[in-house]
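Q:
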Amino acid sequence: MAMKKVLIVYAHQSAGSFNAAAKDAAVEVLRAQGCQVEVSDLYAMKFNPSATADDITGEVKDAEHFHYGEETMLAWKEGRLSADLTEEQRKLSAADVVIFQFPMYWFTVPAIMKGWIDRVFTMGFAYTSEQRYSQGIFKEKKAMLSFTTGSSESMFSSNGINGDINITLWPLQNGILHYCGFQVLAPQIFWAPHHISPEARSTMLEAWRTRLQGLLGEMPLSFTPSDSFDCERGFQLKEMPLSFTPSDSFDCERGFQLKEVIEEKHKSEDFGLTVGTHLGKRIPPNSQIKSGV
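So the sequence shown is numbered by this note's numbering: it starts at 10 and just counts up by one.
1) On the criterion of 16 or more Cβ atoms from any shown chain inside 10 Å, does residue 147 qualify as buried, or is it exposed?
2) Buried or exposed, going by whether 16 or more other CB atoms sit within 10 Å of the CB of residue 246?
3) Buried or exposed for residue 40, going by 16 or more other Cβ atoms inside 10 Å?
4) Tell me the start and end of each unbroken beta strand (DSSP E) in the region 34-102 that is at least 3 residues and wholly inside, in chain order.
5) Since residue 231 and residue 296 should fall inside the 8 Å C-beta cutoff, what is the C-beta to C-beta distance between them, to a whole number of angstroms?
6) For the region 106-140, list the alpha helix (DSSP H) runs that are entirely contained and at least 4 residues long, ordered along the chain.
7) List the DSSP bridge partners of residue 157.
8) Just to confirm before moving on: does the CB-CB distance between residue 107 and residue 13 stay below 8 Å?
9) What are the residues that DSSP puts in a beta bridge with residue 265?
10) Terminal residues of the continuous beta strand (DSSP E) containing residue 205?
11) Would DSSP call residue 181 helix, strand or coil?
12) Spatial neighbours of residue 151 within its chain, please: CB distance less than 6 Å, with the 5 preceding and 5 following residues excluded, ordered by chain position.
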């Protein structure tokens, strides 16, 4: 088997944190398996999370009506992105597996990590209107979330005060990772390590180490394939005189709906297809935290 390359995108301010220990465990175990591991330590790098025109070297195409997505796509094509973005895109291009290690802030990733995603996943490099979801640019790569929570597992249940963790994870795992084509591995969730004993934290880390031994062979989570949606009517290109194609150049009024034949086939099922495409039915349980469900 060829040597696998792993990128860990890490966001925590303290080298003494549980997140740091989880990151270090991943580096150690994966390297012991022969993987080449790179770490983007966002706080140590002082990574700038703000997506601005400074991400582009040289002149922008339309300074008066600046559109970040379109301008960075053109800059990416022409090799005019800023040096920090070029370096992170190099790491991402080389990686077979990407692990995002972070403490969950306000039900999502920390701002510095969201900024990394906003800036590094530029249009053209990470996705296009034609290449997304199951046809996405990164469909040969795997990605996963590994994170700590401040709340207990029971609080993130379907009848808990925080709500179902499957719903919490849908925007991150479907709207970012799967959108760019990644095969999404089940998340590694460290429930409220700050509120448990040192012995319990050690047990958590050992479970993570054990999982890492077989991580590269895990089956990804299931998402509805792109060809399950009828895009023929809603994906007609308008006549545009631009040198690149912005996303609003497409008429999408009627497109991207689940095909009637698939909806009809699923009518008798108790659960919807996914957390997002639930068809007005009950949300499939644990589909965002376990593969094969």
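Idealized CB from N, CA, C, for every residue including glycine.
Computed from a predicted structure; not experimentally measured.
A: Taking the definition as stated:
1) Residue 147 comes out buried.
2) Unreliable positioning characterises residue 246 in this predicted model, as indicated by a pLDDT of 47, which lies under 50. The coordinate reading is nonetheless provided below. Counting Cβ neighbours within 10 Å, residue 246 comes out exposed, since fewer than 16 surround it.
3) In the assembly as shown, residue 40 is an exposed residue. Its beta-carbon has fewer than 16 other beta-carbons within 10 Å.
4) Under the rule that a run must span 3 or more residues, the beta strand (DSSP E) segments found entirely inside the region 34-102 read 45-50.
5) In this structure, residue 231 and residue 296 form a Cβ contact; the two beta carbons are roughly 7 Å apart against a cut-off of 8 Å.
6) Look at the region 106-140 and you find these whole runs of alpha helix (DSSP H), each 4 residues long or longer: 120-129.
7) Beta-bridge analysis with DSSP links residue 157 to 112 and 199.
8) Residue 107 is not a Cβ neighbour of residue 13, given a cutoff of 8 Å.
9) DSSP lists no beta-bridge partner residue for residue 265.
10) Counting along the chain, residue 205 sits inside no beta strand (DSSP E), nor does DSSP assign it H or E at all.
11) In this structure, residue 181 counts as helix in the three-state DSSP scheme.
12) Here the set comprises 106, 192 and 194.
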